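Everything on this sheet refers to the single structure shown next.
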Amino acid sequence: MNNDKISVIIPTNNPNNLNSIIKNLSSKKIDYEIIFIGPFKVNKRKVKKKVKFIESYLKPTHCLQLGLFYSTGNYLIQMADDCLLKGHNDPLYYLYKKTKSNPKKLISCKYSVNGVPSKNYEYNYLPWDDSTNLPIAPLMKKKDIIRVGGYDKTFIAVLSDIDLYLRLRQSCKLDFYYSKIFVDENKKHNKSNNLLPTYWNHDRNNLDKFWVKNKKKPYLSKKRNEIIQKFDNSPKLINKPQGNLGKWLYNNKYYFKFIDNRFSKILFFIIGITNNTRRYYINSILKKFKMI
Numbered sequence: 246m247n248n249d250k251i252s253v254i255i256p257t258n259n260p261n262n263l264n265s266i267i268k269n270l271s272s273k274k275i276d277y278e279i280i281f282i283g284p285f286k287v288n289k290r291k292v293k294k295k296v297k298f299i300e301s302y303l304k305p306t307h308c309l310q311l312g313l314f315y316s317t318g319n320y321l322i323q324m325a326d327d328c329l330l331k332g333h334n335d336p337l338y339y340l341y342k343k344t345k346s347n348p349k350k351l352i353s354c355k356y357s358v359n360g361v362p363s364k365n366y367e368y369n370y371l372p373w374d375d376s377t378n379l380p381i382a383p384l385m386k387k388k389d390i391i392r393v394g395g396y397d398k399t400f401i402a403v404l405s406d407i408d409l410y411l412r413l414r415q416s417c418k419l420d421f422y423y424s425k426i427f428v429d430e431n432k433k434h435n436k437s438n439n440l441l442p443t444y445w446n447h448d449r450n451n452l453d454k455f456w457v458k459n460k461k462k463p464y465l466s467k468k469r470n471e472i473i474q475k476f477d478n479s480p481k482l483i484n485k486p487q488g489n490l491g492k493w494l495y496n497n498k499y500y501f502k503f504i505d506n507r508f509s510k511i512l513f514f515i516i517g518i519t520n521n522t523r524r525y526y527i528n529s530i531l532k533k534f535k536m537i
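If you're matching positions, the sequence shown starts at 246 in the working numbering and goes up one per residue.
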């Protein structure tokens with residue numbers, strides 16, 4: 246492992262946008278690697294040396310754990326396939342320098358959409374505690390991530406990173422510092438299905454279940470540290486769904502591929518508006534398979 250190397254992990258199902266991401270994250274001052282994980286095949290002859298592709302049909306949280314397992318850097322940053330880093334001509338090096346000079350902080354980015362900075366980039370996912378504003382794409386030490394248990398396999402897609410950041414804050418006593426770097430989301434390139442109501446509702450319930458109010462220290466959760474369902478980090482993890490939730494999602498991957506298209510999303514939305522059965526139907530399925 247290179248002590249001055251950054252591993253960028255990006256779950257993706259949108260390979261058309263990868264060239265701009267590679268160009269954006271290329272650094273001349275710090276060693277790095279970019280790891281894309283998703284359901285696509287790549288001609289390895291055309292791939293740059295610092296770029297890795299892992300073909301996997303698992304959902305985003307499982308893909309993040311894959312990236313963690315195969316990463317070789319001492320630092321890790323998690324990105325999305327519709328985002329670029331802006332605010333410096335070498336954003337990875339800037340985040341690295343800030344992290345080196347602030348060892349007790351998670352150096353975070355701010356947030357913008359199509360180049361327009363968001364006025365509110367501090368997000369709080371625990372409404373009972375005002376001190377839990379969380380980072381956006383922070384630069385983390387790999388050893389710290391492993392120390393707190395890595396990603397939790399009971400999450401699907403959207404909040405496993407938030408859960409990880411809260412555990413880093415709790416166990417490693419790390420504060421969050423917002424740098425001048427922006428994570429800029431390009432709405433035109435957003436073809437991800439991560440924010441489908443199915444995924445968001447489940448992961449939101451999961452986060453609320455684990456992070457409960459602690460009267461003595463409101464920002465800490467003893468319960469969360471007791472229930473981290475870890476991945477089996479074996480070489481066969483690439484397409485190895487784990488737990489009831491992972492197995493069900495993997496076995497129905499073609500169904501979920503179908504509902505990724507715009508028509509099906511609109512149909513699901515209309516059903517939910519007209520008779521409010523969508524959430525009941527989804528929760529019934531999840532409970533049946535012991536997912537919630």
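Ideal placement from N, C-alpha and C gives every residue a C-beta, glycine not left out.
On a predicted model such as this, the values are computed, not experimentally measured, just so you know.
Subject >> Proximity of I401 and L482 at Cβ, strictly below 8 Å >> reply: Residue numbering aside, residue 401 sits at position 156 when the sequence shown is read from its first letter. Residue numbering aside, residue 482 sits at position 237 when the sequence shown is read from its first letter. Contact: no.
Original post:
Can you tell which of F421, Q474, W445, N319 has its C-alpha closest to the C-alpha of Y396?
Top reply: Sequence index remark: in the sequence shown, residue 396 carries index 151 (1-based). Closest option to Y396, Cα to Cα, is Q474.
Original post:
Should N451 go down as buried or exposed, given a rule of 16 or more other Cβ atoms within 10 Å for buried?
Top reply: Taking the first residue of the sequence shown as position 1, residue 451 is located at position 206. Around the beta-carbon of N451, 16 or more other beta-carbon atoms lie within 10 Å, marking it buried.
Original post:
Is C354 near A325, with beta carbons less than 8 Å apart?
Top reply: One-based indexing of the sequence shown puts residue 354 at position 109. One-based indexing of the sequence shown puts residue 325 at position 80. The Cβ atoms of C354 and A325 do not sit closer than 8 Å to each other.
**OP:** Using only alpha-carbon positions, find the residue among S416, L340, I391, V253 that is nearest to S424.
**Re:** Counted from its first residue, the sequence shown places residue 424 at position 179. If we check each option's Cα against that of S424, L340 comes out closest.
Original post:
According to DSSP, is L303 helix, strand or coil?
Top reply: The residue labelled residue 303 in the question sits at position 58 within the sequence shown. Coil, per DSSP.
**OP:** Assign L330 to one of three DSSP states: helix, strand, or coil.
**Re:** The residue labelled residue 330 in the question sits at position 85 within the sequence shown. In this structure, L330 counts as strand in the three-state DSSP scheme.
Subject >> Backbone secondary structure at D335 - three-state DSSP >> reply: Sequence index remark: in the sequence shown, residue 335 carries index 90 (1-based). DSSP places D335 in coil when its eight states are reduced to three.
Original post:
Going by beta carbon distance, what residues of the same chain come within less than 8 Å of R392, once the five residues before and after it are set aside?
Top reply: Here the question's residue 392 lines up with position 147 in the sequence shown. Only S416, C417 meet the Cβ criterion.
Original post:
What's the C-alpha gap between L351 and K345?
Top reply: Within the sequence shown, the letter at position 106 stands for residue 351. Within the sequence shown, the letter at position 100 stands for residue 345. Distance between the alpha carbons of L351 and K345 is about 10 Å.
**OP:** Look at S301 and I280 and say whether their C-beta atoms are less than 8 Å apart.
**Re:** Within the sequence shown, residue 301 is the residue found at index 56, counting from 1. Within the sequence shown, residue 280 is the residue found at index 35, counting from 1. The Cβ atoms of S301 and I280 lie no closer than 8 Å to each other.
Original post:
Do I390 and L303 have their C-beta atoms closer together than 8 Å?
Top reply: The count along the sequence shown starts at 1 and reaches residue 390 at position 145. The count along the sequence shown starts at 1 and reaches residue 303 at position 58. Taking 8 Å as the Cβ cut-off, I390 and L303 do not qualify as a contacting pair.
Subject >> Start-to-end residues for the alpha helix (DSSP H) that takes in D408 >> reply: Residue 408 sits at position 163 when you count from the first residue of the sequence shown. Element bounds for D408: 405 to 417.
Original post:
Going by other Cβ atoms of all chains shown within 10 Å of its Cβ, with 16 needed for buried, is G283 buried or exposed?
Top reply: Working through the sequence shown from its first residue, we reach residue 283 at position 38. Per the 10 Å Cβ criterion, buried.
**OP:** Answer yes or no: do R414 and G394 have a C-beta to C-beta separation smaller than 8 Å?
**Re:** Translated into the one-based positions of the sequence shown, residue 414 becomes position 169. Translated into the one-based positions of the sequence shown, residue 394 becomes position 149. For R414 and G394, no; Cβs fall outside 8 Å.
Original post:
Can you tell me where the alpha helix (DSSP H) with V495 in it begins and where it stops?
Top reply: For this step, residue 495 is matched to residue 250 along the sequence shown. One detail in the question is off: residue 495 reads as Tyr in this sequence, not Val. Counting along the chain, the alpha helix (DSSP H) containing Y495 begins and ends at 488 to 496.
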